[in-house]
Amino acid sequence: MSQLLRPLSTTTLAVLAFILAAILMVSVAFAAALVIESRTEKVVATRLAAAGIDWVTLDPDGLRLHLTGTAPNEAARFRIVNLIGTLIESSRISDQLDVVPASAIEAPDFSVQMLRTEDGIQLIGLVPETPGEDAMTEEALAEAAAALSPGTELTNLLETADYPAPATWGPALAFGLEALGRLEQSKISVGANLVEVTAISHSAEEKRAMESDLRGMAPQGVQLVLDISAPRPVITPFTLRFVVDAEGARFDSCSADSERAQAQILAAAAAAGISGRPFCTIGLGTPTPRWAEAVVLAIAKVAELGSASITFSDSDVTLLAGPEVTQAAFDKVVGELETALPDAFSLTSTLEKPAAAIEGPAEFTATLSEDRKVELRGRLTDTLQRDAVDAFARAAFEGAEVLTATRLDTTLPDGWPLRVLTGLEALAEVDFGTLLVRADTVEVTGVTGSLEARGRITQILSGKLGQGATFRVNVRYEEALDPIASLPTPEECAADVNAAIAQKKITFT
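Going by the numbering used here, the sequence shown opens with residue 623, and the numbers climb by one from there.
What follows is the structure, given as structure tokens:
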């Protein structure tokens, strides 16, 4: 070896020594860098895994650590950099992270509340700044609302936002404004897909008409929620009539002073055998707070007799038992009622005689036909009463053709004119039917398109014939005659139009 090195000069040896030293130093440095990179990557990766972060890629390069990947937002990127900064020096971190672009801000929920009272109209809500071709601007809406209540000041608290309007916003807003124009005491809440209407009507009939009109006007794709209330009517006299006969149990008239009283009365009727959910009016005018207590007791006693009717007219109570009821059963029920009824009520009871025992053939009849023809037949006391009955019938059945074919009988019982006129007034409540007046009873039979007609007939008869009077009401409700219930639904209208188009094509010239 010495022989091989001897020919080399001192300078050459020095150069070789330097090169070897450099190679050694580079190798040591490279090895150290690999160790540092491996340890750094391992420590940081372990910490990220513990934190549940999997969207960061680590790329060590000597002492530097390159971070790549896409952060869900800027805050997440900032947290990652700070987290790794607790493990290695911040100067060694090369932040090359991307951030998911921020999504577009969603449009707000546009809505308008319209409040109409006697003092004027208030508009509150958020509307689109550019609503589109089929919708009103904020200025147009305010102008249209002000025109609905001239002479009052409009309170405009509307705000606008520069976002596109939903497709159904225009029709919903137009419908809400139309509803506001029809309802004088109302609050209309309009959304793109929902319109809520809260209003006060003057009567139950007006309430039903309002609901029918609004449902027919509601635009397609917009849900309609109605809350229209009607004031409780004043019922005079405060009347209830419950009947059990061969046809079953039924109410000819039903009145209650509260929801609780109504529920108690209907529960007692159901226990007595009535089917379905009968109509029972909640109103003002009850003669005593113990109305429901008395009615529930009376209904149970009528059911016990099996063939009877009980009529409440204010505080007067009339029990009529059918001829099938035995005297013993009748006496038992009457005694129990007289004992248990609250002090405010006065009971009159009658056990009906068999038909063969009824005295007196005298009777008066009236027939109201479907084509509005009225025929008056039977007996009246004198020409003065005949003229009065004819005039009363022409007024009660306005527009109807009246035929009077009665005979005179001076032996008719007292109160006959009152019974005839009261019966005609009751008959005028039906669409068509008959009236029978006899010495022992007044009977009204017919068909009506009003759910309340039978109750009004009972009120008329019980109020004017007086306590203890016997009468029968056999009136049937027919939906086809109801001007409100018989109106077609929007779906039925669309089906009719489609059927008409299918039969005959519409052409334009």
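Positions of the beta carbon are idealized from the N, C-alpha and C atoms, including for glycine. It should be emphasised that the depicted structure is a prediction, and the values quoted were computed from it without experimental measurement.
Whole-angstrom C-beta distance between residue j and residue i, which should lie under 8 Å
| i | j | result |
| --- | --- | --- |
| L780 | A764 | 7 Å |
| N815 | G843 | 7 Å |
| M736 | G798 | 6 Å |
| V924 | V996 | V924 to V996, Cβ: 34 Å. No contact. |
| T1044 | I1082 | 6 Å |
| A930 | L942 | 6 Å |
| R1016 | L1087 | Wrong, their Cβ atoms sit about 23 Å apart, outside the cutoff. |
| A871 | A894 | 5 Å |
| A698 | Y785 | At roughly 28 Å, the Cβ-Cβ gap does not stay under 8 Å, so A698 and Y785 are not in contact. |
| V947 | L969 | In fact, because the Cβ distance is near 16 Å, the residues do not count as touching under 8 Å. |
| L1133 | A1018 | Any question about residue 1133 goes unanswered here, given that the chain covers just 623 to 1131. |
| A693 | I702 | 7 Å |
Close beta carbons around residue i, own chain, < 6 Å, minus the five adjacent residues each side
| i | result |
| --- | --- |
| S1084 | T861, T933, S935 |
| G803 | L770 |
| E818 | S811, V847 |
| V956 | S971 |
| L1103 | D1053, G1071 |
| L805 | A821 |
| S808 | R738, A821 |
| A916 | L963, P964, F967 |
Classification of residue i by the beta-carbon crowding that lies within 10 angstroms, buried from 16 upward
| i | result |
| --- | --- |
| L1025 | exposed |
| A988 | buried |
| V939 | buried |
| S825 | exposed |
| L638 | exposed |
| E974 | buried |
| D1036 | exposed |
| A596 | With the chain represented from 623 up to 1131, any question about residue 596 goes unanswered, as that position is not in the structure. |
| I896 | buried |
| S851 | exposed |
| L1013 | Note that residue 1013 is Ala in the sequence shown here, rather than Leu. Answer is exposed; the Cβ neighbour count stays below 16. |
| K664 | exposed |
| D849 | exposed |
| F640 | exposed |
| A891 | buried |
| D874 | buried |
| E869 | exposed |
| D720 | exposed |
| A1050 | buried |
| R899 | exposed |
For residue i: DSSP bridge partner residues
| i | result |
| --- | --- |
| H824 | DSSP, once it has assigned bridges, lists no residue as partnering H824. |
| G803 | Partner(s): none; G803 has no beta bridge. |
| R837 | According to DSSP, which records beta bridges pairwise, R837 is partnered with nothing at all. |
| V1059 | F986, V1064 |
| Y785 | DSSP lists no partner for Y785. |
| M736 | L745, I810 |
| T1005 | Beta-bridge pairing links T1005 to no other residue. |
| R1098 | V1069 |
| E997 | T989, L1025 |
| D720 | T692 |
Neighbourhood of residue i by C-beta distance below 7 Å, restricted to the same chain and skipping five residues each side
| i | result |
| --- | --- |
| V856 | G905, L906, G907 |
| A787 | F732, P750, P753, G754, A757 |
| A883 | W913, A914 |
Other residues of its chain near residue i: CB distance less than 8 Å, five sequence neighbours each side excluded
| i | result |
| --- | --- |
| R1029 | G1000, R1001, L1002 |
| D1004 | L1030, T1032 |
Proximity test, residue i beta-carbon vs the ligand SAH heavy atom, cut-off 8 Å
| i | result |
| --- | --- |
| S991 | This structure simply doesn't include the ligand SAH, nor any ligand for that matter. |
Exercise. Three or more C-beta pairs closer than 8 Å, one from the stretch 712-731 and one from the stretch 678-687: is that the case here?
Worked result: Taking 8 Å as the limit for Cβ pairs, the verdict is that the stretch 678-687 does touch the stretch 712-731.
Exercise. Do the stretch 1060-1070 and the stretch 1095-1106 meet, that is, are 3 or more Cβ pairs less than 8 Å apart?
Worked result: When C-beta atoms of the stretch 1060-1070 are compared with those of the stretch 1095-1106, three or more pairs fall below 8 Å, so the two segments count as touching.
Exercise. Any contact of the stretch 740-760 with the stretch 785-801, i.e. 3+ C-beta pairs under 8 Å?
Worked result: Contact between the stretch 740-760 and the stretch 785-801 is present, because at least three Cβ pairs lie under 8 Å.
Exercise. Are the stretch 883-897 and the stretch 817-837 touching, with three or more C-beta to C-beta distances below 8 Å?
Worked result: With the cut-off at 8 Å, the stretch 883-897 and the stretch 817-837 do not touch.
For this session: Evaluate contact between the stretch 706-713 and the stretch 732-748, counting only Cβ atoms and requiring at least three cross-stretch pairs below 8 Å.
Result: The answer is no - the stretch 732-748 does not touch the stretch 706-713, with fewer than three Cβ pairs under 8 Å.
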